[in-house]
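**Q**
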Amino acid sequence: MAQIDDLVLFAQVIEHGSFSKVAELNNITKSVVSKRISKLEQELGVQLMYRTTRRLTLTEPGSILYQRAKEVRQVAQSAFDSVTGYSEALSGHIRVSVPTISGELLLSKALSDFCQNHPGLTIDMSMDNQFVDLVAQNYDLVIRTGYLEDSSLIARHIFNSRWVICATPGYLEQFGVPESPKALKHHNCLGYTQQSTGPFDWLFLRNTDDTYTMKVNGNFSSDNAAGLRKAALAGNGVAYLPTCLVYDDLQNGDLVELLPEHAGKVVGIYAVYPYTKQPPKRIQALIEHIREHYMAMKERF
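Take the sequence shown: its position 88, counted from the start at 1, is 88 in UniProt numbering, and no numbers get skipped.
1. If you measure between the beta carbons of I28 and L56, is that distance less than 8 Å?
2. Using the C-alpha atoms, what's the distance from E60 back to R36?
3. Can you tell which of P279, D248, A239 and Y273 has its C-alpha closest to the C-alpha of M297?
4. With distances taken from CA atoms, which of R282, F301 and E299 is nearest V96?
5. Are the Cβ atoms of V267 and S161 separated by less than 8 Å?
6. Figure out for me which residue from F19, A155 and V72 has the closest Cα to the Cα of Y273.
7. Smallest Cα separation from H293: which of G103, A110, Y240 and V8?
8. For L203 versus V256, is the C-beta distance shorter than 8 Å?
9. Determine the DSSP secondary structure at R300, reduced to helix, strand or coil.
10. Return the Cβ separation of A263 and V142 in integer angstroms, given the expectation that the two are a contact with Cβ distance under 8 Å.
11. Along the chain, where does the alpha helix (DSSP H) that runs through S31 open and close?
12. Between the C-alpha atoms of I101 and R144, what's the straight-line distance to the nearest angstrom?
13. Any idea what DSSP makes of residue 350, helix, strand or coil?
14. Below 8 Å on the Cβ atoms is my contact criterion, and I expect V177 with L241 to pass it. Report the Cβ-Cβ distance as a whole number of Å.
15. What does DSSP give as the partner residues of I154 in its beta bridges?
16. How close, in whole Å, do the beta carbons of L190 and A226 come, if the pair is a contact with beta carbons under 8 Å?
17. So, for K30: in the same chain, excluding its five sequence neighbours on each side, which residues have a beta-carbon less than 6 Å away from its beta-carbon?
18. State the DSSP-derived secondary structure class of V8, mapped to helix, strand or coil.
19. Exposed or buried, I4, counting other C-beta atoms within 10 Å across all chains shown (16 or more means buried)?
20. Taking a contact to mean a Cβ-Cβ separation below 8 Å, would you say G218 touches G170 in this structure?
21. Between which residues of its own chain and L25 is the CB-CB distance below 6 Å, once the five residues before and five after are set aside?
22. Short of 6 Å in beta carbon distance, which residues of its chain neighbour D201, apart from the five on each side in sequence? Order them along the chain.
23. Run the CB neighbour count on P260, radius 10 Å, all protein chains shown included, and call it buried at 16 or more, exposed below.
24. Would you give the residue range spanned by the alpha helix (DSSP H) that E24 belongs to?
25. Let's see if you can read the secondary structure: which residues bound the beta strand (DSSP E) around D124?
26. Any idea what DSSP makes of L258, helix, strand or coil?
27. Could you give the C-beta distance for T193 and S222, rounded to a whole number, given that I count them as a contact under 8 Å?
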């Protein structure tokens with residue numbers, strides 16, 4: 001099976017267009033580079049490039065592999081950079097935008113702790129659920145949930161946030177406990193208008209790897225998840241909310257989780273920053289610091 005370091009070497013050869021240059025960069029001989037690329041081709045059973053004295057040209061399989069190999073190289077480099085960033089003195093100023101819920105529950109402390117650990121560094125954190133324009137608004141880093149469409153930005157996945165369906169014991173005593181997603185059609189559901197699919201289009205699991213959307217009904221919706229939590233706590237309906245927002249309510253028994261085997265909404269949390277070949281060490285180190293804090297509180301998310 002092809003080794004990851006051979007994929008990285010293959011990506012370097014394509015980017016530099018020279019076996020000799022890559023051999024020099026890696027402190028190995030040109031023949032070693034050639035043998036490793038040939039070995040990669042043999043293992044895959046395809047020709048990856050055409051070699052002439054003047055240039056290297058990718059074959060169709062080679063072009064496909066290069067795109068994937070480049071991603072492997074970037075991930076590996078990011079991993080190494082995130083660690084080496086901690087051994088350097090970090091300084092400067094970072095402007096960060098984070099979601100309201102994560103900011104209140106986790107990131108305010110995490111980011112201020114980071115400043116304490118690096119006295120030469122300052123952070124200005126803004127809490128906003130709307131996706132800000134990083135370049136126009138001069139942000140260095142944005143933490144956001146959901147899919148990234150702007151190809152001029154880099155998004156690094158940090159964590160997956162699980163959502164839960166819940167209601168108060170009082171509401172369930174009055175209206176009954178739904179035993180299936182379809183049973184929710186007979187309940188007052190609280191809609192979240194920030195969903196791209198619509199406030200009352202809820203996501204459910206058909207099996208472990210298949211999801212589907214079902215429309216529910218309700219008399220109240222909001223673009224603020226914290227507001228929906230308060231409506232649910234008042235006994236006014238069934239809500240579909242981030243676990244982190246209602247974790248304490250569930251532990252205290254103020255809310256009851258419903259249909260856990262059917263709830264299929266999982267939202268990715270991403271660190272987003274402007275595209276650069278090499279982001280500053282302070283940004284890399286901060287992203288890793290944030291990721292570690294999410295992992296430490298994963299049961300709440």
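Note that CB positions come from ideal geometry on N, CA and C, so glycine has one too.
Values in this document were obtained by computation on a predicted structure and should not be read as measured data.
**A** In this structure, then:
1. Their beta carbons are not under 8 Å apart, which means I28 does not touch L56 by this criterion.
2. Spanning the two alpha carbons is a distance of roughly 20 Å.
3. Considering only alpha carbons, the answer is D248.
4. Comparing C-alpha distances from V96 to each of R282, F301 and E299 shows the shortest one belongs to R282.
5. Closer than 8 Å, so yes.
6. Closest option to Y273, Cα to Cα, is A155.
7. It is A110 whose Cα lies nearest to the Cα of H293.
8. No. Outside cutoff.
9. Residue state, collapsed to three classes: helix.
10. In this structure A263 does not touch V142 by the C-beta definition: roughly 27 Å separates them, more than the 8 Å allowed.
11. Unbroken alpha helix (DSSP H) run through S31: K30 to L44.
12. Answer to the nearest angstrom: the Cα atoms are 11 Å apart.
13. An answer regarding residue 350 cannot be provided, because it is not within the stretch 1 to 301 covered by the chain.
14. So it is not a contact: roughly 18 Å between Cβ atoms.
15. In the DSSP output, where bridge partners are listed per residue, I154 has Y273.
16. Contact between L190 and A226 fails: their C-beta atoms lie close to 12 Å from each other, not under 8 Å.
17. Excluding sequence neighbours, K30 sits near F19, S20 and A23.
18. Helix, per DSSP.
19. With fewer than 16 Cβ atoms within 10 Å of its Cβ, I4 is classed as exposed.
20. Contact: no.
21. Within the same chain, L25 has no close Cβ partners at all.
22. Excluding residues within five positions, the ones whose Cβ falls inside 6 Å are T213 and K215.
23. Label assigned to P260: exposed.
24. E24 -> alpha helix (DSSP H) spans F19 to N26.
25. First-last of the beta strand (DSSP E) with D124: L121 to M127.
26. Judged by DSSP in its simplified three-state form, L258 adopts strand.
27. At roughly 6 Å, the Cβ-Cβ gap stays under 8 Å, so T193 and S222 are in contact.
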